[in-house]
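Student:
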Amino acid sequence: MNLANGFTPYPVSTIGYDTKNPRWEVVDNYTMSHSHPASRPNASTLQDTLAASETAKLPEISVSPAQAKFMALMLRMLNVTHALEVGTLGGYSAIWLASENPQLHVTTVECDARFVEVARKNIEHAGLSERIEVINATGLDALALLKEEVLRGDRPRFGFVFIDADKPNSWNYFNMAADMCQSKAAICVDNVVRDGRVADADDQHPHILGGRLVIENAGKDPRVDTAVVQTVGCKGYDGFLWAVVN
Ligand code: DHB
Ligand code: MG
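As numbered in full-length UniProt numbering, the sequence shown has no gaps in its residue numbers, which increase by one up to the final residue, 246.
#1: Curious, which full-length alpha helix (DSSP H) runs of at least 4 residues does the stretch 147–195 contain?
#2: Out of curiosity, what's the CA-to-CA distance linking C111 and Y92?
#3: Less than 8 Å separating the beta-carbons of V198 and G219?
#4: Give me the pocket residues for the ligand MG, defined as CB within less than 5 Å of any heavy atom, sorted by chain position.
#5: So does V228 have its beta carbon nearer than 7 Å to some heavy atom of the ligand DHB?
#6: Can you name, in chain order, every residue of its own chain whose Cβ lies under 8 Å from the Cβ of R157, other than the five neighbours on each side?
#7: Kindly examine the ligand DHB and report whether one of its heavy atoms sits closer than 7 Å to the Cβ of V214.
#8: Determine the direct distance from the alpha carbon of A43 to that of I123, and round the result to whole angstroms.
#9: Give the DSSP bridge partners of E133, in chain order.
#10: Please name the residue, chosen from D203, N191, E133, H34, that lies closest to T107 on a Cα-to-Cα basis.
#11: With distance defined between alpha-carbon atoms, name the residue in D195, D202, A177 nearest to V86.
#12: Thinking C-alpha only, which one of R155, A227, Q204, V26 is nearest V189?
#13: Put E60 into one of helix, strand or coil per three-state DSSP.
#14: Cutting at 6 Å between CB atoms, please list the residues of its own chain near L213, excluding the five before and the five after it.
#15: What I want to know is whether the C-beta of I208 ends up closer than 7 Å to one or more non-hydrogen atoms of the ligand DHB.
#16: Just curious, the alpha helix (DSSP H) that D48 is in, first and last residue?
#17: Residues in its own chain within less than 7 Å of residue 252 by CB, not counting five upstream and five downstream?
#18: With distance defined between alpha-carbon atoms, name the residue in N246, K235, V244 nearest to A68.
#19: Give the DSSP-derived three-state secondary structure of A119 in the structure shown.
#20: Closest to V232 by C-alpha separation, out of A201, S62, A66, would be which residue?
#21: The ligand DHB heavy atoms versus the CB of V63: any closer than 7 Å?
#22: Note down, in chain order, each residue of its chain lying with its Cβ closer than 8 Å to the Cβ of K147, except the 5 sequence neighbours on either side.
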């Protein structure tokens, strides 16, 4: 599927992180060195993925290793067989999810053709091309088509969705994803706290408004139940929304 010809992606890294504490990164490094040592089968592949993404000058906004592994473990617990991701970037999170879950197929959507090329190479290098499908399209176009397929019964419902793309559309993605999920599926939306700016009513940055919209709309949505978890770590201070589909 290629629906992204001529599309200008929403700019990333427009606001950065202001709140920093070197200890958060030290602790992430310490804890990951023990919870995911180099002896784990996917450890070197994951490092290679980050290195290749850096060499290709992709924005350095991949999910943190700890958050990626946490999500992967949740999928193992839920025995998820089909996951959807919006915002592939270099494929780092998709590779985490698939490499920790042999039962899992990942469908991941990325509008930037250059990112797609890097991601497909990383996925190939990880030996996961059979289980990770990268769709080069805008999130709105891809999810509209996927939703048609799911509702027609031509594609299985998703047991997990990770929304980590252009922040102003987070609610639109969530809204479409909820209709494609099976009962007890989880939906995770990244970057909804952003240095705590989410709670500053005067802050009208489009990324912040996007986070607020998904928190407020999902919170009153009868299809789901939600919690927002604040995080600190190697990426600074942020947080994710976690939803469970009824
Ligand atoms: C940005 C996007 C992300 O998904 C993230 O985790 C961190 C930062 C950004 O666009 O700045
Ligand atoms: Mg993110």
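A virtual CB, placed ideally from N, CA and C, is assigned to each residue, including glycine.
Tutor: With the structure as the only source:
#1: For the stretch 147–195, whole alpha helix (DSSP H) runs of length 4 or above, ordered along the chain, are 170–178.
#2: Position 111 of the sequence shown holds residue 111. Position 92 of the sequence shown holds residue 92. CA-to-CA, the gap between C111 and Y92 works out to about 16 Å.
#3: Here residue 198 corresponds to residue number 198 of the sequence shown, with the count starting at 1. Here residue 219 corresponds to residue number 219 of the sequence shown, with the count starting at 1. Cβ atoms of V198 and G219: not closer than 8 Å.
#4: D164, D190, N191
#5: Mapped onto the sequence shown, residue 228 falls at position 228. In this structure, the ligand DHB has no non-hydrogen atom nearer than 7 Å to the beta-carbon of V228.
#6: Working through the sequence shown from its first residue, we reach residue 157 at position 157. Closer than 8 Å at Cβ, skipping near neighbours: H82, V150, M180, C181, Q182, A185.
#7: By 1-based counting over the sequence shown, the position of residue 214 is 214. Answer for V214: no, Cβ out of range of the ligand DHB.
#8: Start at 1 with the first residue of the sequence shown, and residue 123 comes out as number 123. Start at 1 with the first residue of the sequence shown, and residue 43 comes out as number 43. Taking the straight line from one Cα to the other gives about 14 Å.
#9: Working through the sequence shown from its first residue, we reach residue 133 at position 133. T107.
#10: Against the sequence shown, residue 107 aligns to sequence position 107. When each option's Cα is compared against that of T107, the closest is E133.
#11: The sequence position of residue 86 within the sequence shown is 86, counting from 1. Of the candidates D195, D202, A177, the one whose C-alpha sits nearest the C-alpha of V86 is A177.
#12: As a first step, residue 189 must be located in the sequence shown, where it is residue number 189. Checking every option, the nearest Cα to that of V189 belongs to A227.
#13: In the sequence shown, counting from the first residue as 1, residue 60 sits at position 60. DSSP places E60 in coil when its eight states are reduced to three.
#14: The count along the sequence shown starts at 1 and reaches residue 213 at position 213. Cβ neighbours of L213 beyond the five flanking positions: W171.
#15: As a first step, residue 208 is located in the sequence shown; it is residue number 208 there, counting from the start. Because no heavy atom of the ligand DHB lies under 7 Å away, the Cβ of I208 does not count as near it: no.
#16: Here residue 48 is taken as the residue at index 48 of the sequence shown, counted from 1. 43–55 is the extent of the alpha helix (DSSP H) around D48.
#17: Only positions 1 to 246 of the chain appear in the structure, and residue 252 is not among them; the question remains open.
#18: What you label residue 68 is simply residue 68 of the sequence shown in a count that begins at 1. A68 has its Cα closest to that of K235, out of N246, K235, V244.
#19: Here the question's residue 119 lines up with position 119 in the sequence shown. Note: A119 maps to helix in three-state DSSP.
#20: Start at 1 with the first residue of the sequence shown, and residue 232 comes out as number 232. Of the candidates A201, S62, A66, the one whose C-alpha sits nearest the C-alpha of V232 is A66.
#21: Here the question's residue 63 lines up with position 63 in the sequence shown. V63 Cβ: within cutoff of the ligand DHB.
#22: Counting from one through the sequence shown, the residue named residue 147 turns up at place 147. The answer, listed in chain order, is M176, D179, M180.
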